[in-house]
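Count along the sequence shown from 1, add 4, and you get the number used in this note's numbering.
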Amino acid sequence: MTKAKRLTKAQREFFDGVTKDIVRLMLALGLDADDFKEVEDLIDEVDLSELTELVGQQYLERISFTELKRVERFTKSDAYQKVQTVGAEVGEAIKDALVESVREVILARATK
């Protein structure tokens, strides 16, 4: 088995952000909004360099760095941001209708 190639400086910088996002998400699950600062403090205190290498290698085994950067550029584009914003607005607009639809199904099941 060959040893994985070390990340380049550009890859390390990219995957540092990805790793922090993953850690942030995993640590924040189930936390109250007040605890988010604690998560950020932990991220700042913990040496994530080995985890960053591991995250990078795992990604690069599955997808090229070029493809990752292309997707990153797209997700930072105005068009993508607009679609995300509209999606959130639509979700908010239909929330009550969704709750009502789900409630009706639950009630129908309960009366069977």
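C-beta: ideal position from N, C-alpha, C; glycine also. Keep in mind the model is a prediction, meaning the values are calculated, not measured.
Within 10 angstroms of the beta-carbon of residue 23 lie 16 or more other beta-carbons, which makes it buried. The DSSP-derived three-state label of residue 27 is helix.
Each of 47, 111, 15 was checked against the Cα of residue 71, and the nearest Cα belongs to 15. When secondary structure is reduced to three states using DSSP, residue 102 falls in the helix class.
The three-state secondary structure of residue 115, taken from DSSP, is coil.
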